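Engineer:
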Amino acid sequence: MPLALLALAIGAFGIGTTEFVIMGLLPEVAGDFGVSIPTAGLLVTGYALGVVIGAPLMTLLGTKVPRKRMLMLLMGLFIAGNLLSALAPAFAVMLIGRVVASLAHGAFFGIGSVVAAELVAPQKKAGAIAMMFTGLTVANVVGVPLGTLVGQHVGWRVTFGIVAALGVIGLAGIAKLVPELPRPEGVHLRHEVAAFKNAQVLLAMAMTVLGFGGVFAAITYIAPMMTHVAGFADGSVTWLLVLFGIGMVGGNLIGGKFADRALMPMLYVSLGALALVLALFTLTAHNKIAAAVTIALIGALGFATVPPLQKRVLDQAHGAPTLASAVNIGAFNLGNALSAWLGGLVISAGFGYTAPNWVGAVLAAAALVLAVLSAVLERRDAARATVVAAGAPSGRHAAVHH
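See the structure below:
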């Protein structure tokens, strides 16, 4: 794998840390600003919605900018948003800072996915994408737990200051290691937008929304769930997030490996197992050991879907993949926002801290249904194309003899 993938992984590490670290710090932030846990959950929802908006917006703004320069500009925006969060005097200001940082997220991973895929041979594209996303998953093993630990003992503001520093390192890495790649000739904005007329692209994005949304339904409220239901001490949330991150790293690498071999079967297995494990989490959340194992499985199964879903969008939007790739990253975060909101809704309705797990199970099961539908439609279209191709010569032959 090219060294440039390391630079992309470094940027992904910083972004992954700021995206996920807030989950372990919700009680601290809520207490500092005097808001409820569900209200503090808006910091997750707001970030996710910012990614949804920022992914197409920043990608479109960068259509005339070389990809390396655009990646550097996005990291600059990320740094500014995290500094604003660290210095926020009020909850609303912190929410704005989270949104500012999130605007860089979708376009960074979208453009980064295209760059990563261009750096390797066609049969290694999913593996290259997975390598970039390794930065995001490793953030959950190293960055998020350490950020949570620092936030709980020194203050959450220090955590976001450190995250901003990570952004500076990521910016330097991109400037040093990512090569200048020419923009493909003949690809214009209308070509990028035309990809969204493809039903398979839209189905893949819908799978992304629902499938990864299932993960966030449970993980957004992991701190109160584990402390109030499983009986863990507040400090235990740190190593529980480490388990989640280890699962993510393993699932991401496995997903990338098998997506290059059998993409759709990989999705069937991961989405089906994810729905089952999330449903079981409602029960296992009451036992410390079972809860810890389940958290690791959720991370593994959730991120096993990421490389195949991202590669499917790139494959279906061939020829003009940049905007579709970025919007699919937004789709991941649309699922995050939807599930975080639904999770807070069922908690506020009095169903308890384990109720979001059922929300996640239903979302993941719905994604599995869409995956099966997508495959059925693809086989039908392929069969029609075969019939047309086989019938065309005989039709011409008949016309000649007539």
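Counting with numbering that gives the first Met the number 0, you get residues 0 to 401 for the letters of the sequence shown. Think of the CB as a built atom: it goes at the ideal place given N, C-alpha and C, for glycine as much as any other residue. A quick note: this is a predicted structure, and the numbers were derived from the prediction, not measured.
From the DSSP output, in three-state form, read off Val143 for me.
Structural biologist: Here residue 143 refers to the residue found at position 144 when the sequence shown is read from its first residue. Three-state DSSP puts Val143 in a helix.
Engineer: Pick from Thr283, Val241 and Leu176: whose alpha carbon is nearest that of Ile148?
Structural biologist: Against the sequence shown, residue 148 aligns to sequence position 149. Note on residue identity: the sequence assigns Leu, not Ile, to residue 148. Closest by alpha carbon: Val241.
Engineer: In chain order, which continuous runs of the alpha helix (DSSP H) of length 4 or greater are located wholly inside the segment 160-220?
Structural biologist: 188-193 and 198-218
Engineer: Taking the alpha carbon of Leu25 as the point to measure from, which residue in Gly40, Arg189 and Gly105 has its own alpha carbon closest?
Structural biologist: Taking the first residue of the sequence shown as 1, we reach residue 25 at position 26. Of the candidates Gly40, Arg189 and Gly105, the one whose C-alpha sits nearest the C-alpha of Leu25 is Gly40.
Engineer: Use the C-beta contact count for Ala398: other C-beta atoms within 10 angstroms, 16 or more gives buried, fewer gives exposed.
Structural biologist: For this step, residue 398 is matched to residue 399 along the sequence shown. A caution first: Ala398 carries a pLDDT of 47, below 50, which makes its placement in the model unreliable, though a value can still be read off. By the neighbour-count rule (16 or more Cβ atoms within 10 Å), Ala398 is not buried but exposed.
Engineer: Looking at Leu239 and Ala291, is the spacing between their C-beta atoms short of 8 angstroms?
Structural biologist: Here residue 291 refers to the residue found at position 292 when the sequence shown is read from its first residue. Here residue 239 refers to the residue found at position 240 when the sequence shown is read from its first residue. Yes.
Engineer: What separation, rounded to the nearest whole angstrom, lies between the Cα atoms of Ala6 and Met265?
Structural biologist: For this step, residue 6 is matched to residue 7 along the sequence shown. For this step, residue 265 is matched to residue 266 along the sequence shown. For Ala6 and Met265, the distance between alpha carbons rounds to 28 angstroms.
Engineer: Mind checking Arg311: buried by the 16 CB within 10 Å criterion, or exposed?
Structural biologist: Numbered from 1 along the sequence shown, position 312 holds the residue referred to as residue 311. It counts as buried.
Engineer: What did DSSP end up calling Asp380 once you bin it into helix, strand or coil?
Structural biologist: Here residue 380 refers to the residue found at position 381 of the sequence shown. Reduced to three states, the DSSP call for Asp380 is helix.
Engineer: At the level of alpha carbons, what is the spacing between Phe19 and Thr385?
Structural biologist: As a working mapping, residue 19 is identified with position 20 in the sequence shown. As a working mapping, residue 385 is identified with position 386 in the sequence shown. Distance between the alpha carbons of Phe19 and Thr385 is about 46 angstroms.
Engineer: For the alpha helix (DSSP H) that contains Phe350, what are its first and last residues?
Structural biologist: Along the sequence shown, read from residue 1 onward, the residue named residue 350 stands at position 351. Taken as a continuous stretch (DSSP letters only), Phe350 belongs to no alpha helix (DSSP H), as it is neither H nor E.
Engineer: Quick one: using the 10 Å Cβ neighbour count with 16 as the cut-off for buried, is Ile422 buried or exposed?
Structural biologist: An answer regarding residue 422 cannot be provided, because it is not within the stretch 0 to 401 covered by the chain.
Engineer: Contact between the segment 192-209 and the segment 111-127: three or more CB pairs below 8 angstroms?
Structural biologist: no
Engineer: Skipping 5 residues on each side, what residues in its chain have a beta carbon closer than 7 angstroms to that of Ala127?
Structural biologist: For the purposes of this step, residue 127 is identified with residue 128 of the sequence shown, where counting begins at 1. Contacts found: Met0, Leu4, Ala115, Ala116, Leu118 and Val119.
Engineer: Within the same chain, show all residues whose beta-carbon is closer than 6 angstroms to that of Gly249, passing over the 5 residues directly before and after it, in chain order.
Structural biologist: Walking along the sequence shown from the start, residue 249 turns up at place 250. If we look at Gly249 and ignore the five residues flanking it on each side, its Cβ neighbours are Ala299.
Engineer: Which residue comes first and which comes last in the alpha helix (DSSP H) that contains Ser35?
Structural biologist: For the purposes of this step, residue 35 is taken as the residue at position 36 of the sequence shown. It is not in any alpha helix (DSSP H) - Ser35 carries neither H nor E in the DSSP assignment.
Engineer: Buried or exposed for Ala138, going by 16 or more other Cβ atoms inside 10 Å?
Structural biologist: As a working mapping, residue 138 is identified with position 139 in the sequence shown. Buried, because 16 or more other Cβ atoms sit within 10 Å of the Cβ of Ala138.
Engineer: Just tell me which of Gly301, Trp340 and Ala348 has its CA closest to the CA of Gly255.
Structural biologist: Walking along the sequence shown from the start, residue 255 turns up at place 256. Taking only the C-alpha atoms, the option nearest Gly255 is Gly301.
Engineer: Is it right to say Phe331 is buried, meaning 16 or more other beta carbons lie within 10 angstroms of its own, or is it exposed?
Structural biologist: Working through the sequence shown from its first residue, we reach residue 331 at position 332. With 16 or more other Cβ atoms inside 10 Å of its own Cβ, Phe331 counts as buried.
Engineer: Suppose you measure from the CA of Phe159 to the CA of Gly150; what does that come to, to the nearest Å?
Structural biologist: Counting from one through the sequence shown, the residue named residue 159 turns up at place 160. Counting from one through the sequence shown, the residue named residue 150 turns up at place 151. Their Cα atoms are separated by approximately 9 angstroms.
Engineer: Kindly indicate which three-state DSSP category Asn286 falls into: helix, strand or coil?
Structural biologist: Along the sequence shown, read from residue 1 onward, the residue named residue 286 stands at position 287. Secondary structure at Asn286: coil, using DSSP grouped into helix, strand and coil.
Engineer: Tell me which residues share the same chain as Gly61 and place their Cβ nearer than 6 angstroms to its Cβ, disregarding the 5 neighbours each side in the sequence.
Structural biologist: Locating residue 61 in the sequence shown gives position 62, where the first residue counts as 1. Answer for Gly61: Met69, listed in chain order.
Engineer: Return yes when the Cβ of Ile297 is within less than 8 angstroms of the Cβ of Val276, no when it is not.
Structural biologist: Walking along the sequence shown from the start, residue 276 turns up at place 277. Walking along the sequence shown from the start, residue 297 turns up at place 298. Yes.
Engineer: Taking all protein chains shown into account, do 16 or more other C-beta atoms lie within 10 angstroms of the C-beta of His104, making it buried, or fewer, making it exposed?
Structural biologist: As a first step, residue 104 must be located in the sequence shown, where it is residue number 105. Result: buried.
Engineer: For Gln309, does the count of other Cβ atoms within 10 angstroms reach 16, so buried, or fall short, so exposed?
Structural biologist: For the purposes of this step, residue 309 is taken as residue 310 along the sequence shown, with counting starting at 1. Buried is the call here.
Engineer: Using the Cα positions of Ser393 and Val387, report the straight-line distance between them to the nearest angstrom.
Structural biologist: Residue mapping note: residue 393 aligns to position 394 of the sequence shown, counting from 1. Residue mapping note: residue 387 aligns to position 388 of the sequence shown, counting from 1. Residue placement at Ser393 cannot be trusted, given a pLDDT of 49 that sits under 50; what the coordinates show is reported in the next sentence. Going by the C-alpha atoms only, they are around 10 angstroms apart.
Engineer: Report the three-state DSSP secondary structure of Thr451 (helix, strand or coil).
Structural biologist: In the structure as shown, the chain starts at 0 and stops at 401, and residue 451 therefore has no counterpart that could be examined.
Engineer: In whole angstroms, what is the alpha-carbon distance linking Phe12 and Ser112?
Structural biologist: Taking the sequence shown and counting its residues from 1, the one referred to as residue 12 is at position 13. Taking the sequence shown and counting its residues from 1, the one referred to as residue 112 is at position 113. Their backbone Cα atoms lie some 14 angstroms apart in a straight line.
Engineer: By DSSP, does Phe243 sit in helix, in strand, or in coil?
Structural biologist: Locating residue 243 in the sequence shown gives position 244, counting from the first residue. Residue state, collapsed to three classes: helix.
Engineer: Taking just the CA atoms, how far does Ile36 sit from Phe243?
Structural biologist: By one-based count along the sequence shown, residue 243 stands at place 244. By one-based count along the sequence shown, residue 36 stands at place 37. CA-to-CA, the gap between Phe243 and Ile36 works out to about 21 angstroms.
Engineer: Using a threshold of 8 angstroms, state whether the C-beta atoms of Ser101 and Gly53 are closer than that.
Structural biologist: Walking along the sequence shown from the start, residue 101 turns up at place 102. Walking along the sequence shown from the start, residue 53 turns up at place 54. Cβ distance < 8 angstroms, so Ser101 and Gly53 count as in contact.
Engineer: Rank Thr219, Ile95, Met130 and Gly49 by C-alpha distance to the C-alpha of Leu2 and give the top, closest one.
Structural biologist: For the purposes of this step, residue 2 is taken as the residue at position 3 of the sequence shown. The candidate whose alpha carbon is nearest that of Leu2 is Met130.
Engineer: In chain order, what are the residue ranges of uninterrupted alpha helix (DSSP H) at least 4 long that sit wholly in the segment 302-331?
Structural biologist: 305-315
Engineer: Could you check whether Gly334 and Pro212 sit closer than 8 angstroms to each other, using their CB atoms as the reference points?
Structural biologist: Reading the sequence shown from its first residue, position 213 is the one you call residue 212. Reading the sequence shown from its first residue, position 335 is the one you call residue 334. In the sequence on display, residue 212 carries Gly and not Pro. Yes. Within cutoff.
Engineer: Let me confirm a value: Ala348 is counted as buried when at least 16 other C-beta atoms fall within 10 Å, else exposed. Which label applies?
Structural biologist: By one-based count along the sequence shown, residue 348 stands at place 349. Ala348 is exposed by the Cβ-count criterion.
Engineer: Using the beta-carbon count (16 or more within 10 Å), is Val259 buried or exposed?
Structural biologist: Looking up residue 259 in the sequence shown gives position 260. For clarity, residue 259 is Asp in the given sequence; the question names Val instead. Burial call: buried.
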